[in-house]
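Worksheet for the structure shown next.
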Amino acid sequence: MMSPSLQAEYLVGRVLRASTTGFDCGARSSHINGSQNFGAFVTVPINDDGSQRAIGLIYAIRIDDDPLARELVMAASVDNSTLLDQRENRMVPVEICVINIGYLSDGAYFYNLPPRPPMSLTEVDLMTTDQIRQFTRQTDFIRLVLNARDIQPDELLAAALVYASYSYDSEPERYDFLVNCGRRTALLLSHDLKRLARVLDLIRPV
Amino acid sequence: MSLEFAKVITQVERMGRYLSHRATSMTDRLALAVERLTAADDLEAIHARIKLVRDSVSGYRGAAPAPLPFDEPINMAGTPADVPQPSVLIAADGSQIYPDPHGAALYYLLNIGLFTTFVGQERLPLQATQPTLEYVQESLVDKDGRTITNPTVNTRRTIAEVATLAAQAWHYRTMMNTLHEVPAPIFALHDGALLKFFSPTEVADALQLEAEYYAALRKLHDAGAVAAGYIDRPRSSSVISLLHLLSLRDDEVNDAAVRTNGEIEGVSDADLFARYLAPGQRSAIFTQNSPQNRDNVIKHGADYEIAFFYVNVGAFDAQIARVEIPMWVGKDRRAVASLHSLLLAQCAIQGRRRYPYALTRADELAFVNPAEKHQLDELVRVEMMRQNMQPERSNKLESKGLARADKRSHQLGV
Numbered sequence: 400m401m402s403p404s405l406q407a408e409y410l411v412g413r414v415l416r417a418s419t420t421g422f423d424c425g426a427r428s429s430h431i432n433g434s435q436n437f438g439a440f441v442t443v444p445i446n447d448d449g450s451q452r453a454i455g456l457i458y459a460i461r462i463d464d465d466p467l468a469r470e471l472v473m474a475a476s477v478d479n480s481t482l483l484d485q486r487e488n489r490m491v492p493v494e495i496c497v498i499n500i501g502y503l504s505d506g507a508y509f510y511n512l513p514p515r516p517p518m519s520l521t522e523v524d525l526m527t528t529d530q531i532r533q534f535t536r537q538t539d540f541i542r543l544v545l546n547a548r549d550i551q552p553d554e555l556l557a558a559a560l561v562y563a564s565y566s567y568d569s570e571p572e573r574y575d576f577l578v579n580c581g582r583r584t585a586l587l588l589s590h591d592l593k594r595l596a597r598v599l600d601l602i603r604p605v
Numbered sequence: 160m161s162l163e164f165a166k167v168i169t170q171v172e173r174m175g176r177y178l179s180h181r182a183t184s185m186t187d188r189l190a191l192a193v194e195r196l197t198a199a200d201d202l203e204a205i206h207a208r209i210k211l212v213r214d215s216v217s218g219y220r221g222a223a224p225a226p227l228p229f230d231e232p233i234n235m236a237g238t239p240a241d242v243p244q245p246s247v248l249i250a251a252d253g254s255q256i257y258p259d260p261h262g263a264a265l266y267y268l269l270n271i272g273l274f275t276t277f278v279g280q281e282r283l284p285l286q287a288t289q290p291t292l293e294y295v296q297e298s299l300v301d302k303d304g305r306t307i308t309n310p311t312v313n314t315r316r317t318i319a320e321v322a323t324l325a326a327q328a329w330h331y332r333t334m335m336n337t338l339h340e341v342p343a344p345i346f347a348l349h350d351g352a353l354l355k356f357f358s359p360t361e362v363a364d365a366l367q368l369e370a371e372y373y374a375a376l377r378k379l380h381d382a383g384a385v386a387a388g389y390i391d392r393p394r395s396s397s398v399i400s401l402l403h404l405l406s407l408r409d410d411e412v413n414d415a416a417v418r419t420n421g422e423i424e425g426v427s428d429a430d431l432f433a434r435y436l437a438p439g440q441r442s443a444i445f446t447q448n449s450p451q452n453r454d455n456v457i458k459h460g461a462d463y464e465i466a467f468f469y470v471n472v473g474a475f476d477a478q479i480a481r482v483e484i485p486m487w488v489g490k491d492r493r494a495v496a497s498l499h500s501l502l503l504a505q506c507a508i509q510g511r512r513r514y515p516y517a518l519t520r521a522d523e524l525a526f527v528n529p530a531e532k533h534q535l536d537e538l539v540r541v542e543m544m545r546q547n548m549q550p551e552r553s554n555k556l557e558s559k560g561l562a563r564a565d566k567r568s569h570q571l572g573v
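Taken in order, these protein sequences are the chains called A and B.
Just so you know, we're using this note's numbering here: the first sequence kicks off at 400 and counts up by one.
Just so you know, we're using this note's numbering here: the second sequence kicks off at 160 and counts up by one.
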């Protein structure tokens, strides 16, 4: 079981609204750190005992403005006290948008949409490196990402694959992983060579 | 039936032409007012004229220079000093839900928002709210058994704001003393005038509320706080009245002559100082020659006479605010200078809409929006049902709800 401090480190936010294709979660702007990255793998329970969890990718991070914030940015400078007040007291909410790419059920991973959405205010966590390695052992999730609507699927896929590759410790392992994902992508985009070339460019190991 | 704009539009056009004409005729009067202010540099003569009008005329309600020896040349334009650091700025504002005789139960709510910022320190500003629900019969009716009016609720809210400011100032002063800290200046900022009139005909328990108000001011004084009331877009013309008074000969000073402002009638103090003060500058300190102020001095002492100054908080264009201060602040040059610079710094935070940030936040904390009011009404109804009562709204209110509700479309035969 994770210690509370580690739990906090992995916490992305809490569910605001959800469907089977994805969900939005919210966090305080003061809690934004390196966890909430574009392309990061996240997981959220979809039943009471946590034996089923949806798996998703962060595809958008939004911070809404408000009239007061707009006036503050017009000032010559923003002092530290005001910044602190805006971030810690006014609790500007950050919305993190996630697309579902699979789910975990009783220890097994499935690469289609989860059977139900998570409930409101459920905690959303980052997947650990072990979990990412296990999930991405099969590359079927790439299909769901490439077919997603209303997001930037190619950029998201590239970000997610690069993100996942860093769950492997060694350079050769990362290389093999990216090559494997590239082959799968080539199969799925064999009808659209231009798009395939763009995606492969984005994930090409340096 | 909704507002028929076709019937209003021509009236709006006439209003626009009227305002434009008025603005044009003000130009010459304003120029004259500025000329008179510039020329008013004989402070001794000004004091003599004020003494004359106080001795002979009962109706003069204009400004006077601050009392000796704390007076300043009335045509001065003071530049700001450095922002006092460290210091504590406390701002309070309030909001209310008025009693609704048509609701399920009679009550009113006061919500005070308090915002404390630690100037010159890397400390998170503190925010707090204090909602108070009043439902006991005695607090809802006046001495004649009638439901209290909105002005009464407003006055009680104002008292609560100032009392909260005083309590918070006292708390910080006590803390500094207890911890043997170097005493930092404490600024207590109220939204609105400090010189208040508690009308017995409009406000229930006016005398009691007045006593509570001055008790709060005393607490602020005892805490050593620099208390101030901030008035955005002031409409007063008391300095204009002073300039008009100064233009009269001694034998012309009488009630009739001071009833208007003569050749500079219609010009406001804000108009005058918008022309006179450069961005960041403040006017001299004045006092208001009014029966309330005179009573303050008699009942509470000279320190409780309410004075004021104007400040141009704009960066490029003129934005004039009026700042009211008790004379315990007014006679302390350093306190006034600190207050002046602190207000400018606070107003600068908000870019274009120059208003003290601390007051903006206090207002935001205090504000009760219509959805929250509705939720509170529902809470009250649920609690009444828990207590085996049948909450019912009046037929009038229910009918208004029916007529004002969003309309839905219905289809037949689909």
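Here a beta-carbon is modelled for each residue, glycine too, at the ideal position from N, C-alpha and C.
Cut-off 8 angstroms between Cβ atoms - residues of its own chain near residue i, not counting five sequence neighbours on either side
| i | result |
| --- | --- |
| Glu320 (chain B) | Ala251, Asp252, Gly253, Ile271, His349, Asp350 |
Short CB-CB distance (under 7 angstroms) between residue i and chain A
| i | result |
| --- | --- |
| Met174 (chain B) | no |
Contacts of residue i in chain A (Cβ-Cβ under 7 angstroms)
| i | result |
| --- | --- |
| Tyr516 (chain B) | Thr481 |
Integer-rounded CB distance, given that residue j should sit under 8 angstroms from residue i
| i | j | result |
| --- | --- | --- |
| Arg451 (chain B) | Ala236 (chain B) | The displayed chain sequence assigns Gln, not Arg, to residue 451 (chain B). At roughly 28 angstroms, the Cβ-Cβ gap does not stay under 8 angstroms, so Gln451 (chain B) and Ala236 (chain B) are not in contact. |
| Asn499 (chain A) | Pro513 (chain A) | 6 angstroms |
| Gln509 (chain B) | Glu487 (chain A) | So it is not a contact: roughly 19 angstroms between Cβ atoms. |
| Leu503 (chain B) | Pro239 (chain B) | 5 angstroms |
| Ile444 (chain B) | Ala225 (chain B) | 4 angstroms |
| Tyr463 (chain B) | Leu354 (chain B) | No, Tyr463 (chain B) and Leu354 (chain B) are not in contact; Cβ-Cβ is about 10 angstroms, not under 8 angstroms. |
| Ser480 (chain A) | Thr276 (chain B) | 6 angstroms |
| Gly421 (chain B) | Ser406 (chain B) | 7 angstroms |
| Val456 (chain B) | Ala263 (chain B) | Actually they are not in contact, since the Cβ atoms of Val456 (chain B) and Ala263 (chain B) sit about 48 angstroms apart, beyond 8 angstroms. |
| Leu555 (chain A) | Ile541 (chain A) | The Cβ separation is near 11 angstroms, so there is no contact. |
| Ala433 (chain B) | Ala477 (chain B) | 4 angstroms |
Residues of its chain near residue i, where Cβ-Cβ distance is below 6 angstroms and the 5 sequence neighbours each way are ignored
| i | result |
| --- | --- |
| Leu431 (chain B) | Ala192 |
| Ser404 (chain A) | Low per-residue confidence applies at Ser404 (chain A): pLDDT is 49, beneath 50, and the placement is therefore not dependable enough to give any value. |
| Leu436 (chain B) | Ala236, Asn471 |
| Thr311 (chain B) | Val362, Ala363 |
| Arg359 (chain B) | Arg is not the amino acid found at residue 359 (chain B); the sequence shown has Pro there. For Pro359 (chain B), where only same-chain residues beyond five positions count, the Cβ hits under 6 angstroms are Ala365. |
| Met400 (chain A) | Only weak support is given to the placement of Met400 (chain A): the predicted model assigns it a pLDDT of 47, under 50, and the value that follows is read from those uncertain coordinates. Excluding residues within five positions, none has a Cβ falling inside 6 angstroms. |
| Phe440 (chain A) | Met526, Ile531 |
Per-residue contacts from residue i into chain B (C-beta, under 9 angstroms)
| i | result |
| --- | --- |
| Asp484 (chain A) | Phe274, Thr276, Leu283, Pro284, Gln286, Tyr516, Arg520 |
| Leu587 (chain A) | What Leu587 (chain A) touches in chain B: nothing, since even the nearest Cβ is about 44 angstroms away. |
Residue i: contacting residues in chain A (beta-carbon distance under 8 angstroms)
| i | result |
| --- | --- |
| Arg512 (chain B) | Glu470 |
Closer than 7 angstroms at the beta carbon, the chain B residues around residue i
| i | result |
| --- | --- |
| Ala474 (chain A) | Ala507, Ile508, Gln509, Gly510 |
| Asp549 (chain A) | Neighbours of Asp549 (chain A) on chain B: none; closest Cβ ~30 angstroms, over 7 angstroms. |
| Leu560 (chain A) | Chain B residues near Leu560 (chain A): none, gap ~40 angstroms exceeds 7 angstroms. |
Beta-carbon contacts of residue i that lie in its chain and below 7 angstroms, excluding the five residues immediately before and after
| i | result |
| --- | --- |
| Thr521 (chain A) | Arg413, Val414, Val443, Pro444 |
| Ala216 (chain B) | Position check: residue 216 (chain B) holds Val in this sequence, whereas Ala was assumed. Here the set comprises Val412, Asn413, Asp414, Val417. |
| Lys378 (chain B) | Ala325, Trp329 |
| Leu560 (chain A) | Leu577, Cys580, Ile602 |
| Ser402 (chain A) | Any reading at Ser402 (chain A) needs caution, since the residue's pLDDT is 49, under 50, leaving its predicted position unreliable; the model's value is listed next. Excluding residues within five positions, none has a Cβ falling inside 7 angstroms. |
| His403 (chain B) | Asn420, Gly421, Ile423 |
Where residue i meets chain B, residues with beta-carbon distance less than 8 angstroms
| i | result |
| --- | --- |
| Asp463 (chain A) | In chain order: nothing, as chain B lies at least about 16 angstroms away. |
* To do: Would you list, in chain order, the members of the stretch 490-510 of chain B that have their beta-carbon closer than 9 angstroms to a beta-carbon of chain A?
  => Ala504, Ala507, Ile508, Gln509, Gly510
* Asked: Listed from N- to C-terminal order along the chain, which residues in the stretch 488-503 of chain A have their beta-carbon within a distance smaller than 9 angstroms of any beta-carbon of chain B?
  -> Asn488, Arg489
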